[in-house]
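Here the sequence shown is numbered in numbering that gives the first Met the number 0, starting from 0 and rising by one per residue.
Have a look at the structure below, then the notes.
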Amino acid sequence: MAGRGIFLFRLFGIPLHLDLSFLLVLPLLAFLIGNNLPLYLELFGLPQDPSLLENPWPFALGLLAALGLFLSVLLHELGHALTARRFGVETRRITLWLLGGVAQMERIPKEPAKELAIALAGPAVSLALALFFHLAKAPTGPLGFLTHYLALVNLMLALFNLLPALPLDGGRVYRALLALRKPYAKATRQAAALSQAVALALGLFGLLAFNPFLLLIALFVYMASRAEAEATLLAQALEGLRVKDLMTKDPIALPPDTPVAEALRLALAHKVSGFPVVEGERVLGVVGLEGLEGADPLAPVARYLQPPLLLSPEEEALAAMERMAERGYARALVVEGERLIGVLSKTDLLRAFQVRLLGLDTPRGVG
Ligand SMILES: [Zn+2]
């Protein structure tokens, strides 16, 4: 969702990144706040101080308010990260992006009580900040606007994040509560279903209120909750499995001068969708049916070679799948030393996933 972004600095040892969308949204937000300053002053019950409405005050206040908002988001994320650290879970990075912040944890703790505490820590920080700015409210001037604004914004951050939709904190709280009494995968599916409903309601509300920002958030929640549920289920299904458990052993390997027509015939005969290409013991690459579309039937397969992604048989299946997905590979070659011992395809991984979801175990070491 959020890209790598620009590395800023480390906070408590956690790398802080700025997504490019953030650089876009900050001046926009500053402009919008500055432009609507009279409305804000009215909303907060503050006097329409004419000196505040003169240039460059509106834009300066807008910029300060926008920076304060993102600082508030950062503190919210630090709340999650530092609570996670107390439970021995490190945070890989905190990224500030278009819709706020993301603290990327190494893993989600297995114990629901810990996930609950980590999820609640962010909104707790936001509520504390809201209370702080509420108590610090100044009656007039620039400080009057900023304290009122930050009190409101932190309260909204806490409430928005407590919506019971994954991947928002409220969704995690809901899942952790469910997971206290039922298996984690079931809890995730149930939480994802509620997330979709919340996203739809949010989208409908955004449409009726004619609020494009709300629509954007609804879309984000909808897609992110699906992605989160899928990733969680997949990680669970593949847990403990290694490449050697899922790979197809002793695959048919082709010499590089095999004609394309012969490769197609073998693919049909053996019901496989791709082959390793080897010269003697040396692995040259892989050729897949998807790469042979429109190929000259008499040409050697070497012409349509894809450089191989090599895996070790002991590598974890989930990590292998992530590497394949990252590079868009449908299959990877499993090698021991220099020797080709198997092929791991997307189909192998999906089959294991489906079998595990059905509650059956995959047979290991068969074949
Ligand atoms: Zn949060």
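Just so you know, even glycine gets a beta-carbon here, dropped at the ideal spot from N, CA and C.
Euclidean distance between Cα positions of M155 and Q47: Translated into positions along the sequence shown, residue 155 becomes position 156. Translated into positions along the sequence shown, residue 47 becomes position 48. M155 and Q47: Cα-Cα distance of roughly 24 Å.
Would you mind sorting D311 into buried or exposed? The rule is 16 or more other CB atoms within 10 Å of its CB. Against the sequence shown, residue 311 aligns to sequence position 312. The displayed chain sequence assigns Ser, not Asp, to residue 311. Exposed: under 16 other Cβ atoms inside 10 Å.
Once DSSP output is grouped into helix, strand and coil, what is the label at L15? Position 16 of the sequence shown, counted from the first residue, corresponds to residue 15. It is a strand residue.
Under the rule that 16 or more other beta-carbon atoms within 10 Å means buried, what is K109, buried or exposed? The residue you call residue 109 lines up with position 110 of the sequence shown. Looking at its Cβ environment, which holds fewer than 16 other Cβ atoms inside 10 Å, K109 is exposed.
Leaving aside the five residues before and after V365 along the sequence, list all residues of the same chain whose C-beta is less than 6 Å from its C-beta, in chain order. Within the sequence shown, residue 365 is the residue found at index 366, counting from 1. For V365, the predicted model reports a pLDDT of 36, less than 50, meaning its position is unreliable and no value from the coordinates is stated.
Nearest-angstrom beta carbon gap, P254 and E278 [assumed within contact, 8 Å]: As a position in the sequence shown, residue 278 is number 279, starting the count at 1. As a position in the sequence shown, residue 254 is number 255, starting the count at 1. About 6 Å; that satisfies the 8 Å criterion.
Pick out whichever of L245, A252, F11 and T257 has its Cα sitting closest to the Cα of A298. Stepping through the sequence shown from its first residue, residue 298 is reached at position 299. The option with the nearest alpha carbon to A298 is T257.
Who does G99 pair with in a DSSP beta bridge? Here residue 99 refers to the residue found at position 100 of the sequence shown. Answer is W96.
Is G121 a contact residue of ligand 1, with contact defined as CB to any heavy atom under 7 Å? What you label residue 121 is simply residue 122 of the sequence shown in a count that begins at 1. Yes, since a heavy atom of ligand 1 falls inside the 7 Å radius drawn around the Cβ of G121.
Cα separation between R106 and L317? For this step, residue 106 is matched to residue 107 along the sequence shown. For this step, residue 317 is matched to residue 318 along the sequence shown. For R106 and L317, the distance between alpha carbons rounds to 13 Å.
The alpha helix (DSSP H) with E261 in it runs from where to where? Your numbering for residue 261 matches position 262 in the sequence shown. Residues V259 to H269.
Within 10 Å of its beta-carbon, does A1 have 16 or more other beta-carbons around it, so buried, or fewer, so exposed? Within the sequence shown, numbered from 1, the residue matching residue 1 stands at position 2. The pLDDT assigned to A1 is 41, lower than 50, so where the model puts this residue is not dependable, and the model offers no usable value.
Given the structure, does N160 come close to ligand 1, in the sense that its CB is under 7 Å from one of the ligand's heavy atoms? Counted from its first residue, the sequence shown places residue 160 at position 161. Within the cutoff, so yes.
Which value, in whole angstroms, describes the spacing of the CA atoms of L348 and Y221? The count along the sequence shown starts at 1 and reaches residue 348 at position 349. The count along the sequence shown starts at 1 and reaches residue 221 at position 222. Cα to Cα, L348 sits roughly 26 Å from Y221.
On the CB-based measure, 16 or more other CB atoms within 10 Å of its CB, does N54 come out buried or exposed? For the purposes of this step, residue 54 is taken as residue 55 along the sequence shown, with counting starting at 1. The residue in question, N54, is exposed, as its Cβ has fewer than 16 Cβ neighbours within 10 Å.
Inter-residue Cα distance where the pair is S71 and A196: Here residue 71 is taken as the residue at index 72 of the sequence shown, counted from 1. Here residue 196 is taken as the residue at index 197 of the sequence shown, counted from 1. Looking at the two C-alpha atoms, the distance is approximately 28 Å.
Starting from the Cα of H79, find the closest Cα among L68, N160 and A102 and give me that residue. Taking the first residue of the sequence shown as position 1, residue 79 is located at position 80. That would be A102, whose Cα lies nearest to the Cα of H79.
Expected contact under 8 Å - CB spacing of P166 and E114 to nearest Å: Counting from one through the sequence shown, the residue named residue 166 turns up at place 167. Counting from one through the sequence shown, the residue named residue 114 turns up at place 115. Incorrect: roughly 12 Å between the Cβ atoms, too far for contact.
Could you check if H75 belongs to the surroundings of ligand 1, using beta carbon to heavy atom distance under 7 Å? For the purposes of this step, residue 75 is taken as residue 76 along the sequence shown, with counting starting at 1. Within the cutoff, so yes.
heavy atom of ligand 1 below 7 Å from D168 C-beta: As a working note, residue 168 is residue 169 in the sequence shown. Yes, ligand 1 has a heavy atom inside 7 Å of this Cβ.
From the DSSP output, in three-state form, read off G341 for me. Counted from its first residue, the sequence shown places residue 341 at position 342. G341: strand per DSSP, three-state reduction.
What does the Cβ neighbour count give for F352, buried or exposed, with the cut at 16 atoms within 10 Å? For this step, residue 352 is matched to residue 353 along the sequence shown. Under this definition F352 is a buried residue.
Is F274 helix, strand or coil by DSSP? For this step, residue 274 is matched to residue 275 along the sequence shown. The answer is strand: DSSP assigns F274 an E or B state.
Please work out which residues of its chain come closer than 8 Å, Cβ to Cβ, to N160, disregarding the five sequence neighbours upstream and downstream, and give them in chain order. Within the sequence shown, residue 160 is the residue found at index 161, counting from 1. So the list reads H75, G121, P122, S125, L167, D168 and G169, once near-sequence residues are dropped.
Count the other C-beta atoms from every protein chain shown that fall within 10 angstroms of the C-beta of I5, then say buried if there are 16 or more, exposed otherwise. As a position in the sequence shown, residue 5 is number 6, starting the count at 1. Under this definition I5 is an exposed residue.
Pick from V354, G327, R326 and L309 that is closest to L339, judged by C-alpha positions: Translated into positions along the sequence shown, residue 339 becomes position 340. Of V354, G327, R326 and L309, the residue nearest in Cα terms is L309.
Using only CA atoms, which one of L81, V271 and Y303 lies nearest to I93? Position 94 of the sequence shown, counting from 1, holds the residue named residue 93. The shortest Cα separation from I93 among L81, V271 and Y303 belongs to L81.
Tell me whether H79, by its Cβ, gets closer than 7 Å to a heavy atom of ligand 1. Residue numbering aside, residue 79 sits at position 80 when the sequence shown is read from its first letter. At least one heavy atom of ligand 1 is nearer than 7 Å to the Cβ of H79, so yes.
Give the range of the beta strand (DSSP E) segment to which V282 is assigned. By 1-based counting over the sequence shown, the position of residue 282 is 283. Residues R281 to G287.
Measure the C-alpha to C-alpha separation of V285 and A234 and round it to an integer number of angstroms. Looking up residue 285 in the sequence shown gives position 286. Looking up residue 234 in the sequence shown gives position 235. V285 and A234: Cα-Cα distance of roughly 27 Å.
Using a Cβ-Cβ cutoff of less than 6 Å, which residues in the same chain neighbour L201 once the five nearest sequence positions on both sides are dropped? For the purposes of this step, residue 201 is taken as residue 202 along the sequence shown, with counting starting at 1. Same-chain partners within the cutoff: A217.
Would you report the Cα separation of E261 and D295, rounded to the nearest angstrom? Sequence index remark: in the sequence shown, residue 261 carries index 262 (1-based). Sequence index remark: in the sequence shown, residue 295 carries index 296 (1-based). The alpha-carbon atoms of E261 and D295 are separated by roughly 12 Å.
Give me, in chain order, the residues of the same chain whose beta-carbon lies closer than 6 Å to that of A178; leave out the 5 immediate sequence neighbours on both sides. By one-based count along the sequence shown, residue 178 stands at place 179. Once the five neighbours on either side are set aside, the close Cβ partners of A178 are P111 and A186.
Just the Cα atoms here: how many angstroms apart are E325 and H133? Taking the first residue of the sequence shown as 1, we reach residue 325 at position 326. Taking the first residue of the sequence shown as 1, we reach residue 133 at position 134. Cα-Cα distance, rounded: 46 Å.
Let me make sure I understand the geometry here. Which of M104, F144 and L27 has the alpha-carbon closest to that of P378? The displayed coordinates of the chain run from 0 to 366. Any statement about residue 378 would go beyond what the structure contains.
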